[in-house]
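Working notes for the structure below.
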Ligand code: NAD
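Residue numbers (our numbering): -8 to 420.
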């Protein structure tokens, strides 16, 4: 029997292995310059910090935080902060690399980074989480910054977390610098300098990618069944827009279990329930509770993994019935599972395209803060849709031209842009 700790360990190692294999595969296919390959296969900077925080009961606990900056050839480092027990150097390395490919694919002037704290936030009060976040920000010091490295929300962090980071970061600056530092984080609450539409940007992007894929394959989404693993920021908003399109949510899995209703689960009803129940789906009425292991084998058309990495593996891939897997999460499908699924003709919209709406939305927030502008929701939505349509079109074109799968096509586009930057600039000295 595998222990919880062994499972976590495997998941973390798997992510780095996964992203490296994806990178190597695409690099081989495109014949990437060997010197540039040496640069891109490794991270630029890796920061590990230990910091003490006073708990509500007066005791002191010491926490471990990470920030890995993979590459900034195209612009400042950009990527989320995750609060989860699986966060460590390898996990942050893998996630930072995916950010580099994602920002490059989206054509943004940004690089890739990721980090977080190795913590189960459900064990701490809101006041403790605020002190942990503020002290982590202080420990990161000038290793983050609006023109250097810009964090954003990820698993178990949200707009409130970003507001605490912003406030702490600003408090350490001289008075005349404070108001020019709003763009040190994105994904802030709108009232604290955030952008309209950033909250929904990732899930909206997941929905758009599914819609573009369906249009490309002459599929009508009305009445199509979809299942979602992870009903947080990404899973909820993707479900919200898919339901509006007429698709039917039939199953959800989160950290508290799995629920199923062949007749459909109302997205807003579930969201309202979760708001009253510690953001968990357990106990939601009118559904069948199913075994977690049965989740991915459910009958459906669209499967959206929107929780953690390495959830679709050779153990469950063979039973997947969906026509398409839309990767809301980063790295949810491991390489063995991917090969099995592609062999069976299941389409996979890869994470670096599928969930790139989030970083595109973050880029819009960063631009607004930097330029002293405030855009309306309609403007943000229209710009996001345009950018994602272009990305999706580019991926489909390379996929067809080079006869590769969607992920390899997305990686080739991302890596080619970085290769060009290095070729044109050369290597100092
Ligand atoms: P979140 O914290 O808002 O939600 C995470 C969800 O996953 C929760 O419903 C939680 O219960 C569930 N979950 C956690 N552990 C689980 C497990 N072992 N099994 C099943 N469900 C589990 O996080 P989020 O921001 O929605 O991020 C989800 C995924 O999307 C992550 O992989 C993240 O890296 C990726 N992502 C997020 C953004 C963003 O803007 N938030 C952008 C791009 C990619």
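Ideal placement from N, C-alpha and C gives every residue a C-beta, glycine not left out.
query, result
"Cβ-Cβ distance between residue 412 and residue 64 below 8 Å", "yes"
"Cα-Cα separation between residue 126 and residue 298, rounded to whole angstroms", "27 Å"
"Reduced DSSP category for residue 140 - H, G, I as helix; E, B as strand; rest coil", "strand"
"The ligand FMN heavy atom lying under 7 Å from the CB of residue 223", "Questions concerning the ligand FMN fall outside what the structure shown contains, since the ligands it does hold are the ligand NAD."
"Secondary structure of residue 45, DSSP reduced to three states", "strand"
"Backbone CA spacing between residue 419 and residue 67 [nearest angstrom]", "18 Å"
"Residue 310 CB to nearest heavy atom of the ligand NAD below 7 Å", "no"
"Pair within 8 Å by beta-carbon distance, residue 14 and residue 402", "yes"
"Distance CB(residue 290)-CB(residue 260) smaller than 8 Å", "no"
"Endpoints, beta strand (DSSP E) assigned at residue 338", "338 to 340"
"Neighbourhood of residue 119 by C-beta distance below 8 Å, restricted to the same chain and skipping five residues each side", "44, 46 and 47"
"For residue 315: DSSP bridge partner residues", "293 and 338"
"Within the region 58 to 111, ranges of the alpha helix (DSSP H) (whole runs, at least 4 residues)", "80 to 96"
"Straight-line Cα distance separating residue 133 from residue 94", "22 Å"
"Any non-hydrogen atom of the ligand NAD within 7 Å of residue 150 CB", "no"
"Whole-angstrom C-beta distance between residue 246 and residue 319, which should lie under 8 Å", "Going by Cβ atoms, the distance from residue 319 to residue 246 rounds to 15 Å, so no, they are not a contact pair."
"Assigned secondary structure, residue 324 (DSSP; H/G/I helix, E/B strand, else coil)", "strand"
"Opening and closing residue of the beta strand (DSSP E) in which residue 248 lies", "248 to 251"
"Per-residue DSSP class, three states only, for residue 22", "coil"
"Contact belief for residue 350 with residue 99 at Cβ below 8 Å, rounded distance in angstroms", "7 Å"
"Distance CB(residue 198)-CB(residue 242) smaller than 8 Å", "no"
"Residue 321 Cβ short of 7 Å to the ligand NAD heavy atom set", "yes"
"Contacting residues, own chain, Cβ-Cβ under 7 Å from residue 161 (five flanking each side not counted)", "169 and 172"
"Spatial distance of residue 364 from residue 358 (CA atoms)", "8 Å"
"Residue 145, enclosing alpha helix (DSSP H) - first and last residue", "Looking at the DSSP string, residue 145 is not in any alpha helix (DSSP H), and its letter there is neither H nor E."
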